[in-house]
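S.K.: To convert, count from 1 in the sequence shown and add 420; that's our numbering. Supplied in structure tokens, the structure appears directly below.
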Amino acid sequence: MDNSLPADIRPAAPDSARAEETDFGIREISVEETLALRHSVLWPDLPLSAVRLPDDDSGRHFGAFSSGSPTPIAVISIFSEPLPIDKPDATASKAVRFRKFACRQDLQGRGIGTALLRRIFWVAAAEMGAQAVWCDARTSSLPWYQRRGMCPFGDRFFKGPVEYVRMSIMADDALAEGTREYATRS
């Protein structure tokens, strides 16, 4: 990066460079470890119970942790769940959905969320045998997901006042994205 330019017009560092600014690790965690961060980032105006999903006990949950911290700085949960499409096929039925993806707001933009997403791409494709990975994404986050290889599908919809769109990535692409991060953070 060209440090001779003023900070406000310097080009952004690639995700991998930003991730190196924050020393963190990723591991599988319990659902209970996800709840406080889910609540504070995603739905702070609702009761804590609103961020617990009925199917949380059947999912797998992952967290990013900064060195020496017992609390996660980013969380995500994954579930075996078919793609919600009109004409399901083999790919649609063998899919993994991620939900309740949150990163501490003061640490966003440092590559932590990207690393966590890539990890679950790898887990979904390599360990769970998914043919596709998908989510309901806030439309405000659509460009972020597109830069990580995901594509929108279906109509936009609302959950309360927030507009969403479904996003997906095929397993081969998810595995390629996930392998990139998994190889450097294992």
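Even glycine gets a Cβ: it sits at the ideal position worked out from N, Cα and C.
(1) Is valine 451 helix, strand or coil when you go by DSSP?
(2) Does the Cβ-Cβ distance between arginine 524 and isoleucine 493 come in under 9 angstroms?
(3) Please work out which residues of its chain come closer than 8 angstroms, Cβ to Cβ, to arginine 576, disregarding the five sequence neighbours upstream and downstream, and give them in chain order.
(4) Take every Cβ of the stretch 442 to 461, pair it with every Cβ of the stretch 528 to 536, and state whether three or more of those distances are shorter than 8 angstroms.
(5) Three-state secondary structure (DSSP) at alanine 550?
(6) Are the CB atoms of alanine 544 and alanine 512 nearer to each other than 9 angstroms?
(7) With a threshold of 6 angstroms on Cβ separation, who are the neighbours of aspartate 476 within its own chain once the five nearest residues in sequence on each side are excluded?
(8) Pick from Pro464, Phe485, Lys579, Ala557: whose alpha carbon is nearest that of proline 572?
(9) Within a Cβ cutoff of 6 angstroms, which residues of the same chain sit near methionine 590, ignoring the five residues on either side of it in sequence?
(10) Among Ala594, Gly488, Leu466, Val516, which one has its Cα closest to the Cα of arginine 567?
(11) How long is the line joining the alpha carbons of methionine 570 and serine 489, rounded to whole angstroms?
M.R.: Here's the rundown:
(1) Here the question's residue 451 lines up with position 31 in the sequence shown. Taken through DSSP and simplified to helix, strand or coil, valine 451 comes out as coil.
(2) Locating residue 524 in the sequence shown gives position 104, where the first residue counts as 1. Locating residue 493 in the sequence shown gives position 73, where the first residue counts as 1. With respect to isoleucine 493, arginine 524 sits close: the two C-beta atoms are nearer than 9 angstroms.
(3) Taking the first residue of the sequence shown as position 1, residue 576 is located at position 156. Closer than 8 angstroms at the Cβ level, and outside the excluded window around arginine 576, lie Thr559, Glu583, Tyr584, Val585.
(4) A contact exists between the stretch 442 to 461 and the stretch 528 to 536.
(5) Residue numbering aside, residue 550 sits at position 130 when the sequence shown is read from its first letter. Note: alanine 550 maps to coil in three-state DSSP.
(6) For the purposes of this step, residue 544 is taken as residue 124 along the sequence shown, with counting starting at 1. For the purposes of this step, residue 512 is taken as residue 92 along the sequence shown, with counting starting at 1. The answer is no: Cβ separation not under 9 angstroms.
(7) Residue mapping note: residue 476 aligns to position 56 of the sequence shown, counting from 1. Correct list, in chain order: Val451.
(8) In the sequence shown, counting from the first residue as 1, residue 572 sits at position 152. Ranking Pro464, Phe485, Lys579, Ala557 by Cα distance to proline 572 puts Ala557 first.
(9) The residue given as residue 590 occupies position 170 in the sequence shown. Beyond the five residues adjoining it in sequence on each side, methionine 590 comes within less than 6 angstroms, by CB distance, of Ala552 in the same chain, given in chain order.
(10) The residue given as residue 567 occupies position 147 in the sequence shown. Nearest option by C-alpha distance: Ala594.
(11) As a position in the sequence shown, residue 570 is number 150, starting the count at 1. As a position in the sequence shown, residue 489 is number 69, starting the count at 1. Between the C-alpha atoms of methionine 570 and serine 489 there is a straight-line separation of about 31 angstroms.
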